[in-house]
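Take a look at the structure set out below.
Protein chains: 2
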Amino acid sequence: MFMGLALDRASRPNSLGELSLTSGSSPFASIYEKRQKIYGESDPAEYVYQVQTGAVCRFKLLSGGRRQIGAFHLRGDIFGFENGPIHRFAAEALVKTMVCLIKRQSLEEAAGTNANVFHNLLSTATSNLRHAEGQVLLLGRKSSMEKVAAFLLEMDGRLTSAGMLSLPMTRRDIADYLGVTIETVSRAVSQLQREGVLEFIGKTHREIVILDRLRLSSFDMPS
Amino acid sequence: MFMGLALDRASRPNSLGELSLTSGSSPFASIYEKRQKIYGESDPAEYVYQVQTGAVCRFKLLSGGRRQIGAFHLRGDIFGFENGPIHRFAAEALVKTMVCLIKRQSLEEAAGTNANVFHNLLSTATSNLRHAEGQVLLLGRKSSMEKVAAFLLEMDGRLTSAGMLSLPMTRRDIADYLGVTIETVSRAVSQLQREGVLEFIGKTHREIVILDRLRLSSFDMPS
DNA sequence: CGTTGGTTTGAGACAGCTCAAGAACGGTGG
DNA sequence: CCACCGTTCTTGAGCTGTCTCAAACCAACG
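Listed below in structure tokens is the structure:
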């Protein structure tokens with residue numbers, strides 16, 4: 000699991016390498032297979048993670064098999080940083096994923112002596128907060144079509160490469176992120192396709208081209 | 000509006016006075032009337048606030064008159080701290096409310112030199128994050144009865160004085176917090192009353208005694 | 001008292017859910 | 001290469017929890 004790869008600390012801005020800048024801590028890499036658990040709800044929060052390749056989701060489970068996904072984490076995203084001693088969400092890889100890990104404790108020590116590290120930690124926490132607040136609005140007051148449009152626009156902004164969305168998550172993941180059922184997601188996407196707002200590449204229906212961003216936005220005006 | 004009262008900085012733990020400990024900044028007080036706006040969405044985030052008496056809600060508006068309340072802030076709560084330059088929610092007083100204000104800028108300066116202040120800021124941000132994550136779960140995957148039960152239990156833990164809940168917010172506020180309609184809130188509370196889980200004091204229906212916390216919790220097991 | 005704002009309650013409507021079937025895909029083994 | 005099988009996705013039909021609309025009630029207040 001832990002592969003002990005040496006990582007290039009200067010490779011990307013706002014990386015864990017940068018976070019731990021001047022401390023003696025050593026980040027290392029690990030690979031998780033598709034659908035492999037990274038940590039469970041209430042597990043001790045021992046590490047902070049950054050996605051190198053692949054994708055991760057964080058979620059909570061409720062009785063009756065209900066699941067709520069709080070966030071998807073894509074390349075470059077930092078996740079798993081908690082204030083308390085335990086994780087409040089579980090995390091699992093959506094596809095084969097390489098993450099970079101650093102001991103939380105060493106990060107916190109670094110934060111004590113290095114203002115830059117501290118600032119980055121605060122910045123991570125508040126950007127997570129901003130995202131969660133957006134989710135609250137979406138889940139509480141948006142229609143299913145608005146939810147799906149908002150999701151596609153979010154992903155369009157985050158993982159567009161070459162004008163195409165290559166979604167790493169299933170319809171079930173999307174549904175559990177948006178607080179609806181898979182059928183509702185499927186119907187909304189199908190309607191957008193029928194109306195010429197988007198089209199599928201190949202047959203997989205996970206690779207999407209957005210043909211009309213303006214009209215897609217109009218399905219999520221209230222944002 | 001700004002009354003320039005001198006505040007006792009040692010009055011309560013985790014107060015703004017404590018936050019700004021060693022800096023030269025001077026917190027002061029202000030009173031807002033019932034339903035008075037404290038700041039609007041996208042207003043510059045000039046101050047950080049702490050509720051002294053009364054209650055405040057933070058919310059966003061959507062098209063079609065939809066509103067989502069992100070949080071209620073009761074006595075002692077700190078709100079309005081943003082990472083970016085503007086507020087991402089609006090804030091208004093639910094009832095006549097006294098808040099304590101401090102310039103955000105002076106707080107940030109204090110955070111730069113005082114590790115304690117910095118720690119408290121981070122702690123405020125992460126406790127807001129924890130709350131928002133709880134809301135995501137509630138809004139995304141709970142039934143209306145579970146939502147109302149969760150709300151009552153939250154308030155029971157936060158503003159119980161003398162074994163009675165004296166709610167400062169209307170049914171509409173509760174509804175916009177839980178992502179349902181006022182009628183749905185009313186029906187759920189009525190059912191809990193019929194089943195003997197709670198009862199009203201007087202006729203107002205804003206003062207509630209929880210008779211059976213265990214059974215109330217059973218309406219929100221999945222939490 | 002009349003008015004206003006807040007709450008409850010009922011009846012009907014509808015968005016999204018459930019259940020079910022079929023189609024398309026990806027992997028596996030022959 | 002193909003046949004098989006499990007998983008994912010789509011689509012349809014009916015159901016239901018919540019919303020909408022409406023009316024009545026009550027307390028507070030001028």
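Which chain is which? The protein sequence lines are A and B, in order.
Residue 175 in numbering that gives the first Met the number 0 sits at position 176 of the first sequence, with consecutive numbering throughout.
Residue 69 in numbering that gives the first Met the number 0 sits at position 70 of the second sequence, with consecutive numbering throughout.
C-beta atoms are modelled at their ideal positions from N, C-alpha and C, and glycine is treated no differently.
Find out if the Cβ-Cβ distance for the pair D230/B, I68/B is shorter than 8 Å. A query on residue 230/B cannot be resolved here, the shown segment of chain B reaching from 0 to 222 and no further.
Cβ-Cβ distance between A149/B and S222/B below 8 Å: Contact: yes.
Reference L73/B; option with closest CA among F199/B, S165/B, F88/B: Nearest Cα to L73/B within the set F199/B, S165/B, F88/B: S165/B.
Can you tell me where the alpha helix (DSSP H) with G111/B in it begins and where it stops? Taken as a continuous stretch (DSSP letters only), the alpha helix (DSSP H) holding G111/B covers 103–112.
With burial defined as no fewer than 16 other Cβ atoms inside 10 Å of the residue's Cβ, what is the status of V208/A: buried or exposed? Exposed, by the Cβ-count rule.
To the nearest angstrom, how far is the alpha carbon of L60/B from that of M220/A? Taking C-alpha positions only, L60/B is separated from M220/A by approximately 12 Å.
Classification of N127/A by the beta-carbon crowding that lies within 10 angstroms, buried from 16 upward: Buried, by the Cβ-count rule.
Taking the alpha-carbon of V188/A as reference, which of L121/A, L151/A, P43/A has the nearest alpha-carbon? Of the candidates L121/A, L151/A, P43/A, the one whose C-alpha sits nearest the C-alpha of V188/A is L151/A.
I'd like to check one pair, T125/A with N115/B: are the Cβ atoms closer than 8 Å? In this structure, N115/B sits away from T125/A, with a CB-CB distance that is not shorter than 8 Å.
When you compare the segment 96–110 of chain A with the segment 40–56 of chain A, are there three or more beta-carbon pairs, one atom per stretch, that lie closer than 8 Å? In short, these stretches touch, since the Cβ pair count reaches three.
Name, please, each residue of chain A whose Cβ falls closer than 9 Å to the Cβ of M220/B. Residues of chain A passing the Cβ test: L61, S62.
A131/A by DSSP, collapsed to three states: which one? Residue state, collapsed to three classes: helix.
Relative to chain B, which residues along the segment 93–120 of chain A have a C-beta separation below 8 Å, given in chain order? The segment 93–120 of chain A vs chain B, Cβ under 8 Å: G111, A114, F117, L120.
Quickly, what does DSSP pair T96/A with across the bridge? List them, please. DSSP lists Y31/A as partners of T96/A.
Classify M163/B: buried if its beta carbon has 16 or more other beta carbons within 10 angstroms, exposed otherwise. For M163/B, the number of other beta carbons within 10 angstroms of its own is below 16, and it is reported as exposed.
I'd like the list of long-range same chain contacts for R214/A, defined as Cβ closer than 6 Å, with 5 residues on each side in sequence excluded. Answer for R214/A: V196, listed in chain order.
Assigned exposure category for F199/B - 16 Cβ within 10 Å defines buried: Per the 10 Å Cβ criterion, exposed.
Given that a residue counts as buried once 16 or more other Cβ atoms are within 10 Å of its Cβ, and exposed if not, what is Q190/A? By the 16-neighbour rule on beta-carbons within 10 angstroms, Q190/A is exposed.
Excluding the 5 residues flanking I173/B on each side, which residues of the same chain have their C-beta closer than 7 Å to its C-beta? Cβ within range, chain order: F150, V184.
Using a cut-off of 8 Å between C-beta atoms, extract the partners of S143/A located in chain B. The premise fails here: S143/A is roughly 12 Å from chain B at the closest Cβ pair, so nothing lies under 8 Å.
Please classify E194/B as buried or exposed, where buried requires at least 16 neighbouring CB atoms within 10 angstroms. Taking every protein chain shown into account, the CB of E194/B has fewer than 16 other CB atoms within 10 angstroms, so this residue is exposed.
Any chance you could list the beta strand (DSSP E) runs of at least 3 consecutive residues sitting entirely within the segment 58–95 of chain B, in chain order? Every beta strand (DSSP E) of 3 residues or more that sits fully in the segment 58–95 of chain B is shown, in chain order, as 66–72, 89–92.
Rounded C-beta distance between A44/A and G79/A? I'm assuming under 8 Å. Beta-carbon to beta-carbon, A44/A and G79/A are separated by about 7 Å, close enough to satisfy the 8 Å threshold.
Please compile the residues from chain B whose C-beta is within a distance smaller than 7 Å of the C-beta of R129/A. Chain B residues near R129/A: R87.
When DSSP labels each residue in this structure, what does S165/A get in the three-state scheme? Strand.
For A92/B and P26/B, the rounded distance between their alpha carbons: Spanning the two alpha carbons is a distance of roughly 19 Å.
So is V147/A in contact with chain B if we call contact Cβ pairs under 8 Å? The beta carbon of V147/A does not come within 8 Å of any beta carbon belonging to chain B, so the residue lies off that interface.
At a threshold of 7 Å, does G162/B count as lining the ligand FAD (C-beta to nearest heavy atom)? Looking for the ligand FAD in the displayed structure turns up nothing, as the structure carries no ligands at all.
For A54/A, go through chain B and note every residue whose CB falls closer than 8 Å to its CB, in chain order. Per Cβ cutoff of 8 Å: no residues; A54/A is ~19 Å from chain B at best.
is_contact[G156/A, chain B] using C-beta, thresh 8 Å: No, no contact with chain B.
Is the shortest distance between the beta-carbon of A187/B and the beta-carbons of chain A less than 8 Å? Not closer than 8 Å to any Cβ of chain A, the Cβ of A187/B fails to qualify, so no.
Excluding sequence positions up to five away, which residues of its chain have a Cβ less than 6 Å from the Cβ of K36/B? E91.
Is there a C-beta anywhere in chain A that falls below 8 Å from the one on E132/B? With a threshold of 8 Å between beta carbons, E132/B makes contact with chain A.
Could you compute how far the alpha carbon of Q192/B sits from the alpha carbon of I77/A? Distance from the CA of Q192/B to the CA of I77/A, rounded to the nearest whole angstrom, comes to 46 Å.
Residues in the same chain with beta-carbon distance under 8 Å from R252/A, minus the five sequence neighbours each way, listed in chain order, please. Beyond the ends of chain A as shown, which are 0 and 222, falls residue 252/A; an answer cannot be given.
According to DSSP, is K141/A helix, strand or coil? Reduced to three states, the DSSP call for K141/A is coil.
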